[in-house]
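What follows is one structure encoded as structure tokens, with my remarks underneath.
Numbering (this note's numbering), first residue to last: 5 to 109.
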């Protein structure tokens, strides 16, 4: 068993010596490209994420601009964050159309 490990160690250093002196691929580079990089790419968190049908937003931007045209406070928040040209009344520190929806309930 000792002879086996000795042969493995001698082979590793011979391969490394050859790669450094004669322009081959070193054992470290081989491990990096053949083993480590594929495993990293399989388990990385930078995968392409697609939005499926059940994750699509509930609301879509349309011609509505005023609080009287909104059906809920969540809808008014969506329009404020995502849609241009909204004219929703909003006091600093409050949600848009907050007073309108409190009066409706």
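Positions of the beta carbon are idealized from the N, C-alpha and C atoms, including for glycine.
- If the five residues before and after residue 20 are omitted, its C-beta is found closer than 7 Å to the C-beta atoms of 30, 31, all from its own chain and listed in chain order.
- Residues 90 of the same chain have their beta carbon placed closer than 6 Å to that of residue 83, with the five preceding and five following residues left out of the count.
- No Cβ-Cβ contact shorter than 9 Å links residue 65 with residue 100.
- In this structure, the straight-line span from the alpha carbon of residue 12 to that of residue 40 is close to 21 Å.
- Counting only residues of its own chain and dropping the five nearest sequence neighbours on each side, residue 79 has a CB closer than 7 Å to the CB of 63.
- A straight line joining the alpha-carbon of residue 35 with that of residue 16 spans about 12 Å.
- Following the DSSP letters along the chain, one finds residue 20 inside the alpha helix (DSSP H) bounded by residues 6-26.
- Taken through DSSP and simplified to helix, strand or coil, residue 29 comes out as coil.
- Sequence-distant Cβ neighbours of residue 24 in its own chain, meaning closer than 7 Å and more than five residues away, are 30.
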